[in-house]
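Residue numbers (full-length UniProt numbering): 1 to 240. C-beta atoms are modelled at their ideal positions from N, C-alpha and C, and glycine is treated no differently. Heads up, the thing below is written out as structure tokens.
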Amino acid sequence: MALLEGLDGVIIEVAQALIPLLVFFLGFQFFYLKLPRGYIVNLTRGILFTAIGMILLLQGVRAAFIPAGHEIGEALATLEQQWIFLPFGFFLGFLTTYAEPAVRVLCYQVEEASSGSIRQSLILYALSLGVAVSVACGMLRLVYGISLLCFVIPGYVLALILLHFSDEDFIGIAFDSGGVATGPMAVTFLLSLAVGVAAGIEGRDPVVDGFGLIALIALAPILSVLMLGIFYRRRKGETR
Numbered sequence: 001m002a003l004l005e006g007l008d009g010v011i012i013e014v015a016q017a018l019i020p021l022l023v024f025f026l027g028f029q030f031f032y033l034k035l036p037r038g039y040i041v042n043l044t045r046g047i048l049f050t051a052i053g054m055i056l057l058l059q060g061v062r063a064a065f066i067p068a069g070h071e072i073g074e075a076l077a078t079l080e081q082q083w084i085f086l087p088f089g090f091f092l093g094f095l096t097t098y099a100e101p102a103v104r105v106l107c108y109q110v111e112e113a114s115s116g117s118i119r120q121s122l123i124l125y126a127l128s129l130g131v132a133v134s135v136a137c138g139m140l141r142l143v144y145g146i147s148l149l150c151f152v153i154p155g156y157v158l159a160l161i162l163l164h165f166s167d168e169d170f171i172g173i174a175f176d177s178g179g180v181a182t183g184p185m186a187v188t189f190l191l192s193l194a195v196g197v198a199a200g201i202e203g204r205d206p207v208v209d210g211f212g213l214i215a216l217i218a219l220a221p222i223l224s225v226l227m228l229g230i231f232y233r234r235r236k237g238e239t240r
């Protein structure tokens, strides 16, 4: 059955990732923590649920998301109206980030750590819009063959400039958000989409032009959250 193909390899990969963490915790439990037995039982159940969830996610990604993204990208590349790549990329970039589990966790933790002063919905929309713009820029790069350096170098220079104007509460959030935005949704679906588009456009190399989108996705949330921090810093100044 095609859906279960390679499942044994996924199980081994998940076990290799989780078992060392479990052993590390049990070592601390035995020598230092001495937590109640009920806590250990609940922790073991949680790790089991995590393992099952990771196996299902990774297997689903291999069986569905990667092939679907590649096929959609190749079909999109056959369109004569290549300008449609930009709004299409914007739309998919927003949706995948909005649905990204790691992004949701970050937004929730930001609201919890800030005692509600920074709303998780605000961070979520800032990240989603930032990634949407970056995917649209990635599509623009594919259509016109623009070098990745033309986006990455000015982007990080702008990020360094924004650091001096953004509220300090948002600086750490901004750079963490770049990591969580490049989660399984973006890496599996959007990257395979870009490779598919590059493979379908004449004169484009899937290796040279298809890759690099994740770099843009990692950069965009940093800029959007830092800009949000500038807004918060101004609002603080007005309320004083």
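Burial state of residue i, where buried means 16 or more other Cβ atoms lie within 10 Å
i, result
"Pro20", "exposed"
"Val180", "buried"
"Ser147", "exposed"
"Ser134", "buried"
"Gly6", "exposed"
"Cys150", "exposed"
Proximal residues to residue i (C-beta, below 8 Å), its chain only, five neighbours per side dropped
i, result
"Arg233", "Phe165, Ser166, Asp167"
"Val110", "Ile118, Gln120, Ile123, Ile173"
Simplified DSSP assignment, three categories, for residue i
i, result
"Ile146", "coil"
"Gly237", "helix"
"Tyr78", "One detail in the question is off: residue 78 reads as Thr in this sequence, not Tyr. Three-state DSSP puts Thr78 in coil, outside helix and strand."
"Gly172", "helix"
"Gly69", "helix"
"Asp36", "A quick correction: the sequence has Pro, not Asp, at residue 36. In the structure shown, Pro36 sits in coil (DSSP, three-state: anything other than H, G, I, E or B)."
"Ile201", "coil"
"residue 282", "As displayed, the chain neither begins before 1 nor continues past 240, which places residue 282 out of reach and without an answer."
Contacts around residue i, its chain only, beta-carbon distance under 7 Å, and the 5 residues preceding and following it disregarded
i, result
"Val152", "Ala215, Leu219"
"Gly212", "Leu148"
"Ile96", "A quick correction: the sequence has Thr, not Ile, at residue 96. Met185, Ala186, Phe189, Leu190, listed in sequence order."
"Leu22", "Ile47"
Cβ neighbours of residue i in the same chain (closer than 6 Å, five flanking residues each side left out)
i, result
"Gln82", "Val143"
Would you call the stretch 189–201 in contact with the stretch 77–86, where contact means no fewer than 3 C-beta pairs closer than 8 Å? yes
Three or more C-beta pairs under 8 Å: does that hold for the stretch 8–16 against the stretch 55–63? yes
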